[in-house]
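Note sheet for the following structure.
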Amino acid sequence: MSKIWKSIYNLLIVPLFYFMVLIYSFFNSKVRRGIKDRKKIFENLIINFAGLKKGRKTIWFHSASMGEFEQAKPIIEDLKSNYDVNIIVTFFSPSGYDNSLRYPYADIVSYLPFDFPGTIKRFIKIVKPRFVVFMRYDLWPNLVWQLASSNIPIFLVDATLRTNSRRNLPIAKGVSASLFRRITKVLTVTDSDAENFLKFGVNQHNIISVGDTRFDRVFQKSQIAKQEQIFPEEFFLGKKVFVFGSSWPSDEAVIFPSIIKLQSLEEELISIVVPHEPTVNQLERIENELNKKISHIRFSRLRHYNSEKVIIVDAIGILLTLYRYAHVAFVGGGFKPGVHSVLEPAVYGIPVLFGPKIENSREARNLVEMGSGFKITGNKNAYRTLRKLFRDDEFRISSGNISKKYVTENLGATERINTELKKIF
Numbered sequence: 032m033s034k035i036w037k038s039i040y041n042l043l044i045v046p047l048f049y050f051m052v053l054i055y056s057f058f059n060s061k062v063r064r065g066i067k068d069r070k071k072i073f074e075n076l077i078i079n080f081a082g083l084k085k086g087r088k089t090i091w092f093h094s095a096s097m098g099e100f101e102q103a104k105p106i107i108e109d110l111k112s113n114y115d116v117n118i119i120v121t122f123f124s125p126s127g128y129d130n131s132l133r134y135p136y137a138d139i140v141s142y143l144p145f146d147f148p149g150t151i152k153r154f155i156k157i158v159k160p161r162f163v164v165f166m167r168y169d170l171w172p173n174l175v176w177q178l179a180s181s182n183i184p185i186f187l188v189d190a191t192l193r194t195n196s197r198r199n200l201p202i203a204k205g206v207s208a209s210l211f212r213r214i215t216k217v218l219t220v221t222d223s224d225a226e227n228f229l230k231f232g233v234n235q236h237n238i239i240s241v242g243d244t245r246f247d248r249v250f251q252k253s254q255i256a257k258q259e260q261i262f263p264e265e266f267f268l269g270k271k272v273f274v275f276g277s278s279w280p281s282d283e284a285v286i287f288p289s290i291i292k293l294q295s296l297e298e299e300l301i302s303i304v305v306p307h308e309p310t311v312n313q314l315e316r317i318e319n320e321l322n323k324k325i326s327h328i329r330f331s332r333l334r335h336y337n338s339e340k341v342i343i344v345d346a347i348g349i350l351l352t353l354y355r356y357a358h359v360a361f362v363g364g365g366f367k368p369g370v371h372s373v374l375e376p377a378v379y380g381i382p383v384l385f386g387p388k389i390e391n392s393r394e395a396r397n398l399v400e401m402g403s404g405f406k407i408t409g410n411k412n413a414y415r416t417l418r419k420l421f422r423d424d425e426f427r428i429s430s431g432n433i434s435k436k437y438v439t440e441n442l443g444a445t446e447r448i449n450t451e452l453k454k455i456f
């Protein structure tokens, strides 16, 4: 049966996928760049390997994009601290590739070649990995088949599989089962994920529920963030701070009226607004929204601060650190594409609010169930929730403690994963 799936994949799916990528490249510069950069993939790979220390084992990590790679970092850093190994990381997307070029624990950063049998075979021959770690879900059939035929161990880490996953569709299920059965170890986030992998015929001895490294990574980053001083030490003394992170216009339409209304009742309240995309147009749009309603200032002009009630952040890469100042946080995306990371504020032990679209976030759903996450559905609901959290200190603190407990009780996935990986050494 696997021969049938290979034939379908290589004769139909791969050519069709590549054709669609070529067409899409005419309309998307990132895709166009990804195709162009892959033309030198083998030349760059050979040059980079020539510069590495000989005799080291090579461990290969693959992630679809930057978000999945963040989950790989605790694993990589632990391996690097305990073993003298070469680490190669690959990405399918240009964004993941670009943002990881300076990652100090990776010896080589590369694109993953397109999933043609010949190019994949050549890539594996150059890399010669001791084992390969796929993060979450980005499995490519020819890559998995070639690794398995070369007796190279394969790990699927932080693996999730929903009951209603598209992998259950007829053709997709056949191809997926062919891949999953060739994986050395499937290390899942939850027991329910493990049960869903069993339905694809994976040997139960090859599946272990170990948890999610996102908790470890967020906790690790929060410890570093606590040492950073973005604001003067006494800046928020006697204040209550609301951080509105990764805001989209659809979020702002619901939350801004509450901020403005609350300000007349909570004199000590300061709100920090962090747009998802702090472009000039977006920053000006936010300022126009707030003009004549509430005083505001941009983060870059903070030296001129004069008791403004809203600070609009026109910088990137500091949101996790900003959450540490918050008493309450709202995480954007839940009114349109899907909520962003709720663990980033939760790690500091504060209540977390978000819009209704949380199907993409198991963590958001868990926080709601436990009582430290609050799903906001509209303006009235937003105001009532924020008013209660800022008025009732006991309620706010108890809710925040639930967030902190949730994160701390889910730490340790990295150690459990590396226990399995180290067995291969």
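According to the numbering used here, the sequence shown is numbered sequentially starting from 32.
Here a beta-carbon is modelled for each residue, glycine too, at the ideal position from N, C-alpha and C.
None of the values given here were measured: they were computed from a predicted structure.
Problem set entry | Candidates Leu-293, Ser-281, Ile-325: closest to Pro-306 by CA position | When the alpha-carbon of Pro-306 is set against those of Leu-293, Ser-281, Ile-325, the nearest one is in Ser-281.
Exercise. Residues in its own chain within less than 7 Å of Val-233 by CB, not counting five upstream and five downstream?
Worked result: These residues qualify, in order along the chain: Phe-211, Arg-212, Val-217.
Problem set entry | Nearest-angstrom beta carbon gap, Pro-309 and Val-274 [assumed within contact, 8 Å] | Incorrect: roughly 14 Å between the Cβ atoms, too far for contact.
For this session: With DSSP collapsed to three states, give me the class of Ala-444.
Result: Note: Ala-444 maps to helix in three-state DSSP.
For this session: Using a threshold of 8 Å, state whether the C-beta atoms of Pro-184 and Thr-215 are closer than that.
Result: By the CB criterion at 8 Å, Pro-184 and Thr-215 fall inside the cutoff.
Problem set entry | Assigned secondary structure, Phe-464 (DSSP; H/G/I helix, E/B strand, else coil) | This structure leaves residue 464 out entirely; the chain is present only between 32 and 456.
For this session: Look at Ser-223 and Tyr-414 and say whether their C-beta atoms are less than 8 Å apart.
Result: Not a contact, by the Cβ cut-off of 8 Å.
Exercise. In angstroms, rounded to a whole number, what distance separates the CA positions of Gly-431 and Ser-277?
Worked result: One C-alpha to the other measures close to 20 Å.
For this session: Examine chain D for any beta-carbon lying closer than 8 Å to the beta-carbon of Gly-402, and answer yes or no.
Result: Among the protein chains of the structure shown there is no chain D, as only one such chain exists.
Problem set entry | Buried or exposed (CB count within 10 angstroms, at least 16 for buried), Phe-456 | Classification for Phe-456: exposed.
Problem set entry | Member of Met-166, Leu-178, Ala-137 whose CA lies at the smallest distance from the CA of Ile-157 | Comparing Cα-Cα distances from Ile-157 to each of Met-166, Leu-178, Ala-137, the minimum goes to Leu-178.
Exercise. Just how far apart, CA to CA, sit Val-304 and Lys-270?
Worked result: Straight-line measurement puts the Cα of Lys-270 at about 16 Å from the Cα of Val-304.
Exercise. Given Val-373, which residues of its chain have a CB within under 7 Å of its CB, disregarding the five upstream and five downstream residues?
Worked result: In its chain, beyond the 5 residues on either side, Val-362, Val-383, Phe-385, Ser-392, Glu-394, Ala-395, Leu-398, Gly-404 have a beta carbon closer than 7 Å to the beta carbon of Val-373.
Exercise. Below 8 Å, can you find three or more Cβ-Cβ pairs linking the segment 92–99 to the segment 63–74?
Worked result: Pairwise C-beta distances place the segment 92–99 out of contact with the segment 63–74, as fewer than three of them are shorter than 8 Å.
For this session: Identify which residue in Tyr-437, Gly-86, Phe-246, Gly-149 has its Cα closest to the Cα of Tyr-114.
Result: It is Gly-86 whose Cα lies nearest to the Cα of Tyr-114.
For this session: Say whether the segment 102–120 touches the segment 131–140, bearing in mind that this needs 3 or more beta-carbon pairs closer than 8 Å, one atom from each stretch.
Result: Between the segment 102–120 and the segment 131–140 there are three or more inter-stretch CB-CB distances shorter than 8 Å, so the stretches are counted as touching.
Exercise. In three-state DSSP terms, what is Tyr-128?
Worked result: Correct three-state label for Tyr-128: helix.
Exercise. For the candidate residues Arg-153, Lys-84, Thr-408, Val-188, whose alpha-carbon lies nearest to that of Arg-447?
Worked result: Looking at the Cα atoms, Val-188 is the closest of the given residues.
Problem set entry | Close Cβ partners of Gly-409 (< 7 Å) along its chain, the five nearest in sequence each way excluded | Only Val-285 meet the Cβ criterion.
Exercise. Leaving out five residues before and five after Glu-259 in sequence, what residues of the same chain have Cβ atoms less than 6 Å from its Cβ?
Worked result: When the five nearest sequence neighbours on each side are left out, the beta carbons in the same chain lying within less than 6 Å of the beta carbon of Glu-259 are those of Thr-352, in order along the chain.
For this session: Between the Cα of Phe-147 and those of Lys-37, Val-438, Arg-355, spot the shortest distance and give me the residue it belongs to.
Result: Ranking the options by Cα distance to Phe-147, first place goes to Lys-37.
Exercise. Alpha carbon to alpha carbon, how far is Arg-167 from Thr-191?
Worked result: Looking at the backbone, the Cα of Arg-167 and that of Thr-191 are separated by about 6 Å.
For this session: Leaving aside the five residues before and after Asn-237 along the sequence, list all residues of the same chain whose C-beta is less than 8 Å from its C-beta, in chain order.
Result: Excluding the 5 residues flanking it on each side, Asn-237 has same chain C-beta neighbours closer than 8 Å at Ile-214, Thr-215, Lys-216, Val-217, in chain order.
Exercise. What residue from Lys-61, Ser-141, Asn-130 has the CA that sits closest to Ile-78's CA?
Worked result: It is Ser-141.
Problem set entry | Contacts around Ile-291, its chain only, beta-carbon distance under 6 Å, and the 5 residues preceding and following it disregarded | Taking Ile-291 as the centre and dropping the five residues before and after it, the same chain places the C-beta of Lys-324, Ile-325 closer than 6 Å to its C-beta, in chain order.
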